[in-house]
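Here the numbering used here is used: the first residue of the sequence shown is 22, the next is one more, and so on. Here the structure comes first, spelled out in C-alpha cells, and everything after it is commentary.
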Amino acid sequence: MRILIALLLYIPAIAFACYCGSATVEERVAESDFIYVGTVVNSYTDNEKVIYNTLVADELIKGNPVSLSFTNETLETSLCAQSTSVGVRYLVFGNYGSSVHLSSCSYTQALPIYGSEGLASVREAANKRVN
C-alpha cells in the first residue's frame, strides 16, 4: 500500500514538471532578438552532462544571431531535456546577451515540432514586426 501511495504522489510531479505556459507565436517573435532555422553540424557532451550543439544557419528570419549554437541537458539529467542529433533542423529563438538553451519549454525546438504551418506563422509574425 505504501508503494502505491508513493507512486501516486510521484507521478503527478513528473507529469507537471515541464509545464511551459502558452505564449503565442506573436509573443515568441516579439520577445526574441533573433530567429533562424539551423541545422546541427556538430554536437558533443562535457563531463557535466551538458550537450553543446553547433549549427549552420539555413534561413535568417529575424535579427542577426551572435552565435550559431545552443546547449541542452542530457535526458538522464533533466525531465525537461530534449535530445539532439547532427543533421536535424531547428527553429532557434534567441536574445542578445543570453545563450540559447533547448528544453521542452524553450521556444527553440526541432523544426518538425513547429511544422510547415508553424514556421509560416513565425515568418509572418516576424515580417509584420519589420513592416
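We treat Cβ as the ideally placed atom computed from N, Cα and C, and that holds for glycine. Nothing here was measured: the structure is a model prediction, and the numbers come from that model.
What does the Cβ neighbour count give for residue i, buried or exposed, with the cut at 16 atoms within 10 Å?
i	result
L29	For L29, the predicted model reports a pLDDT of 37, less than 50, meaning its position is unreliable; a value from the coordinates is still stated below. It is exposed - the Cβ of L29 has fewer than 16 other Cβ atoms within 10 Å.
Y65	exposed
G136	exposed
G108	exposed
Here's a check: name, in chain order, each residue in its chain whose Cβ is nearer than 7 Å to the Cβ of residue i, leaving out the five neighbours to either side.
i	result
V87	Y117
Please classify residue i: does DSSP put it in a helix, a strand, or coil?
i	result
A78	strand
S64	strand
E52	helix
K149	helix
G84	coil
For residue i, which beta-bridge partners are listed by DSSP?
i	result
L132	According to DSSP, L132 bridges with nothing at all.
R110	T60
K70	DSSP, once it has assigned bridges, lists no residue as partnering K70.
message = Three Cβ pairs or more, each shorter than 8 Å: is that satisfied between the region 68 to 81 and the region 41 to 54?
response = Remark: fewer than three beta-carbon pairs, one from each stretch, lie closer than 8 Å, so the region 68 to 81 and the region 41 to 54 are not flagged as touching.
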